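Residue numbers (our numbering): 3 to 174.
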Amino acid sequence: MQDRIALTTERLVMRPLTPSYLPDMLDLYSDPQVTRFLLPMDKAGHQRRLEEAETMWETRGYGRVGIHDRASDRFLGRGGLHYWPQFDEVEVGWVLRTDAQGCGLATEAGRAWLHWGLARLDVPYLTACVAPENHASVSVAQRLGMSTLRTDALHDRQVLVFALHRGITDAN
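Put into structure tokens, the structure is as follows:
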């Protein structure tokens, strides 16, 4: 599964996350600028998350992905879809290396997953859970045509839950 391409865009290749991504994830999460709005995790936590991602791909046919530069195959971050059983919702997410931020890659990856998910999954909408103070990700969600659905708690932190409903075409 680690070499399988899940989705491509003009500038990105996205592959299912597997335990082989552990060094990339540890490096990504070692940057305090990247993790300031994320749940801190140790090596064992990342290992568990990668195993969960692999299981989600096997059982649901979608999950989190490693995001790579299409031209160089350089690891840029993680994204994709994630099912949250406590909400019974599928979230589209994005986390990029600091040097990959600010050039539209999160929007490009998010747009691709919104289109894929709404075309293939039997869900009324897809969500994005964003820390209210994460202005960059709030802007990405808005550029994707998502609107605020509610506030909620995820990992004991307040989040804005954005949604793009089926039939809304702003994510083009």
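Each residue gets a CB set at the ideal place from its N, CA and C atoms; glycine is no exception. The structure displayed is predicted, hence computed values, not measured ones.
The beta-bridge partner set that DSSP reports for E93 consists of H84, T129. Nearest to G106 by alpha-carbon distance, out of L162, F164, Q144, W59, is Q144.
Assignment of beta-bridge partners to I69 by DSSP yields M16, G79. The beta carbon of F77 lies closer than 7 Å to those of D26, G68, H70 in the same chain, with the five residues before and after it left out. As summarised for the stretch 20-68, the continuous alpha helix (DSSP H) elements at least 4 residues long and confined to that stretch are 24-30, 34-37, 45-62, given in chain order. Around the beta carbon of H48, 16 or more other beta carbons sit within 10 angstroms, so the residue counts as buried. Using a Cβ-Cβ distance cut-off of 8 Å, the stretch 147-158 and the stretch 50-68 are not in contact, since fewer than three pairs of beta carbons, one from each stretch, lie closer than that value.
In the structure shown, the three-state DSSP call for Q160 is strand.
Per the C-alpha coordinates, the member of L128, M148, Q88, H137 positioned closest to G104 is H137.
L30 is positioned such that its CB atom lies no closer than 8 Å to that of K45. For E135, there is no enclosing alpha helix (DSSP H), since its DSSP letter is neither H nor E. Across the structure, L120 and Y23 are spaced so that their CA atoms are roughly 27 Å apart. Here the alpha carbon of G169 sits roughly 20 Å from the alpha carbon of G82.
Here the C-alpha atom of Y64 lies approximately 13 Å from the C-alpha atom of D124.
In the three-state reduction of the DSSP assignment, T109 falls in the helix class.
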